[in-house]
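Under the working numbering, the letters of the sequence shown match residues 554 to 783, in that order. We put the beta carbon where it would ideally sit given N, CA and C, even for glycine. The structure presented is a predicted model; accordingly, all values stated were derived computationally and were not measured. Working notes for the structure below.
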Amino acid sequence: MVKAQNQLIQLLPRAERQRLIAASDMFELNLSDVLCEPGDVTRYAYFPVDGFISLLKTVDESRVLEVGMVGREGMVGVQIALGMSVVPLRAVVQGQGVTLRIGVGELDAYLADSPALRRVLNRYVYVLMTQFATSAACLRHHQIGQRLARWLLMMQDRARTDNFPVTQEFLAFMLGVRRVSITAAASELQHAGHIRYARGDLTVLHRAGLEEIACSCYTSDQRAYTETFS
Numbered sequence: 554m555v556k557a558q559n560q561l562i563q564l565l566p567r568a569e570r571q572r573l574i575a576a577s578d579m580f581e582l583n584l585s586d587v588l589c590e591p592g593d594v595t596r597y598a599y600f601p602v603d604g605f606i607s608l609l610k611t612v613d614e615s616r617v618l619e620v621g622m623v624g625r626e627g628m629v630g631v632q633i634a635l636g637m638s639v640v641p642l643r644a645v646v647q648g649q650g651v652t653l654r655i656g657v658g659e660l661d662a663y664l665a666d667s668p669a670l671r672r673v674l675n676r677y678v679y680v681l682m683t684q685f686a687t688s689a690a691c692l693r694h695h696q697i698g699q700r701l702a703r704w705l706l707m708m709q710d711r712a713r714t715d716n717f718p719v720t721q722e723f724l725a726f727m728l729g730v731r732r733v734s735i736t737a738a739a740s741e742l743q744h745a746g747h748i749r750y751a752r753g754d755l756t757v758l759h760r761a762g763l764e765e766i767a768c769s770c771y772t773s774d775q776r777a778y779t780e781t782f783s
């Protein structure tokens, strides 16, 4: 029996938690793997245990934007709880690890007779709605340095390490800005002693400093999750 380390699964009563874990398999998350594409028919739901997944919205044929990040606090495939079978966003692995994976049929069966599971997933839908709205406002109103600090904190929370590989091209891609803007913002964070960055390898040196610089969207997301599941 796999011990659940996904926070949504941990919220379930013990018997239902064990039942869901027993029906799932451990699936490896490899960097850059695409779990699903918009328009796909949903086949699986993923409850990350380690690692994390970016939710991406395609802007046009050549551009995409990250609108959400999912780690052990959440799941990918929550549209199943709404009775929807079509995938709305691309899901790409950005942090290696493992996830509990369950087929749509099995999850639907549990949702049909588990009020506790329905309640947990419905609340997570609400959390995602608030996070998507926050991301949209953040993109429009906050400076790149603030957004970069927020993104690094989100990544560190889910990676559960101070050190991770990340390129400036990737950061520009995720934040929807030009690489030169990321270069300038990252240089400021490095000169301030908050991070060390070289050749695609980034280390968080001073988390408190990043928290001071990050926009209020970071704490807003945390508060939304905590209050929803308290």
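Three-state secondary structure assigned by DSSP to Asn-675: Start at 1 with the first residue of the sequence shown, and residue 675 comes out as number 122. Reduced to three states, the DSSP call for Asn-675 is helix.
For Gln-647, the three-state DSSP class (helix, strand or coil): Residue mapping note: residue 647 aligns to position 94 of the sequence shown, counting from 1. Residue state for Gln-647 is assigned as strand, using DSSP reduced to three classes.
Exposed unless 16 or more other CB atoms sit within 10 angstroms - verdict on Ala-686: Counting from one through the sequence shown, the residue named residue 686 turns up at place 133. Exposed is the call here.
Sheet register partners of Glu-619 (DSSP bridge): Looking up residue 619 in the sequence shown gives position 66. Checking the DSSP bridge columns, you'll see Glu-619 partnered with Leu-609.
Between the CA atoms of Asn-559 and Lys-610 - distance to the nearest angstrom: In the sequence shown, the residue the question calls residue 610 occupies position 57. In the sequence shown, the residue the question calls residue 559 occupies position 6. Their Cα atoms are separated by approximately 25 angstroms.
Asp-754 - DSSP class collapsed to helix/strand/coil: Locating residue 754 in the sequence shown gives position 201, counting from the first residue. Residue state, collapsed to three classes: strand.
Burial state of Val-577, where buried means 16 or more other Cβ atoms lie within 10 Å: Position 24 of the sequence shown, counting from 1, holds the residue named residue 577. The question names Val, but residue 577 in the sequence shown is Ser. So Ser-577 ends up on the buried side.
Arg-570: CB within 7 angstroms of a non-hydrogen atom of the ligand HEM: The ligand HEM is not part of this structure, which contains no ligands at all.
Option in Asp-593, Leu-728, Thr-595, Asn-716 with minimal Cα separation from Leu-692: If you number the sequence shown from 1, residue 692 lands on position 139. Measuring from the Cα of Leu-692, the nearest candidate turns out to be Leu-728.
Ala-598, enclosing beta strand (DSSP E) - first and last residue: Working through the sequence shown from its first residue, we reach residue 598 at position 45. Annotation for Ala-598: the continuous beta strand (DSSP E) segment containing it runs 597–601.
Span separating the alpha-carbon of Arg-616 from that of Arg-567: What you label residue 616 is simply residue 63 of the sequence shown in a count that begins at 1. What you label residue 567 is simply residue 14 of the sequence shown in a count that begins at 1. Using only the alpha carbons, I get a separation of about 43 angstroms.
Assigned exposure category for Tyr-599 - 16 Cβ within 10 Å defines buried: Within the sequence shown, the letter at position 46 stands for residue 599. Around the beta carbon of Tyr-599, a 10 Å sphere encloses 16 or more other beta carbons of the protein chains shown; the residue is thus reported as buried.
At least three beta-carbon pairs within less than 8 angstroms, the stretch 750–761 to the stretch 634–649: No, they do not touch.
Closest Cα partner of Arg-572 within the set Val-651, Ala-662, Asp-593: Position 19 of the sequence shown, counting from 1, holds the residue named residue 572. Of Val-651, Ala-662, Asp-593, the smallest CA-CA separation from Arg-572 is found for Ala-662.
Test item: CB-CB of Leu-582 and Thr-652 under 8 angstroms: For the purposes of this step, residue 582 is taken as the residue at position 29 of the sequence shown. For the purposes of this step, residue 652 is taken as the residue at position 99 of the sequence shown. Going by C-beta atoms, Leu-582 is nearer than 8 angstroms to Thr-652.
Cα-Cα separation, Gln-563 to Leu-705: Here residue 563 corresponds to residue number 10 of the sequence shown, with the count starting at 1. Here residue 705 corresponds to residue number 152 of the sequence shown, with the count starting at 1. Each residue's alpha carbon lies about 26 angstroms from the other.
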